[in-house]
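Down below is the structure, laid out as structure tokens.
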Amino acid sequence: MAYWLFKTEPDTFSIDTLKQMKVSPWEGVRNYQARNMLRDEVKLGDQIFIYHSSCKDVGVVGIATVTKASYPDHFQFDPESPYFDPKSDPNNPRWFMVDIEYQRHLRLVSLKRMKANPALADMPLVKKGSRLSVMPVTEAQWQEILTMTGQF
DNA sequence: GCCAACGTTGGC
DNA sequence: GCCAACGTTGGC
1 MAYWLFKTEP
11 DTFSIDTLKQ
21 MKVSPWEGVR
31 NYQARNMLRD
41 EVKLGDQIFI
51 YHSSCKDVGV
61 VGIATVTKAS
71 YPDHFQFDPE
81 SPYFDPKSDP
91 NNPRWFMVDI
101 EYQRHLRLVS
111 LKRMKANPAL
121 ADMPLVKKGS
131 RLSVMPVTEA
141 QWQEILTMTG
151 QF
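Mapping the first sequence onto UniProt numbering, position 106 (from 1) lands on 106, and the numbers just tick up by one.
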């Protein structure tokens, strides 16, 4: 089982939205590096930190698990969707997604605190200019962030 | 294949 | 809302 961090803008889709939906597709990832991980590496049962970006309280806010691995993101073929990609070929889809299930909220671990923690210095998240929206998390980083919530 | 122009991300 | 940093596009 592997660990990941998924970014989302809470104004669009928050940890609370996920809690209400219980299970949701993680659609709309339109970045090749992130796509490759969603398509090839994120597996059933993997654990995910949900991270809120572009908002007042930026940071890790909860945990989800993968309930369905890698399948084509159908929104890429929907002209009405903001995630529509006219260049994607239905016979060879460009974008993939997974389904995730809400597990629990965490007390906010802010980006500021994560940046200040040397144990997390290798995370793409804390590096200047990083825009990766799906990233791997090592077991040590996962445990460190859990410890930082103070919830045990 | 280079790289300038452009659009987007995301913290602040 | 600003803007630096980044990824993508497309002309050549």
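Glycine included, C-beta positions come from ideal geometry on N, C-alpha and C.
Here residue 86 is not near residue 2, since their CB atoms are 9 Å or more apart. Its chain contains 144 as the residues whose beta carbon lies nearer than 6 Å to that of residue 119, once the 5 sequence neighbours on both sides are disregarded; these appear in chain order. By the neighbour-count criterion, in which a residue is buried when 16 or more other Cβ atoms sit within 10 angstroms of its Cβ, residue 107 is exposed.
In this chain, the beta strand (DSSP E) harbouring residue 97 covers 96 to 110. Counting along the chain, the unbroken alpha helix (DSSP H) around residue 142 starts and ends at 139 to 149. By the CB criterion at 9 Å, residue 132 and residue 33 fall inside the cutoff. Taking C-alpha positions only, residue 148 is separated from residue 109 by approximately 7 Å. If only complete runs of 3 or more residues are kept, the stretch 41 to 101 shows the beta strand (DSSP E) at 47 to 52, 59 to 72, in order along the chain. Look at residue 118 here: in three-state DSSP terms it is helix.
Around residue 23, the same chain offers 67, 99, 100, 101, 102 as residues with beta carbons nearer than 8 Å, after the five sequence neighbours per side are excluded. A direct Cα-to-Cα measurement between residue 104 and residue 35 gives close to 25 Å. Per DSSP, residue 125 lies in no beta strand (DSSP E) and is assigned neither H nor E. Membership of residue 7 in the beta strand (DSSP E) is indicated by the continuous run 3 to 8.
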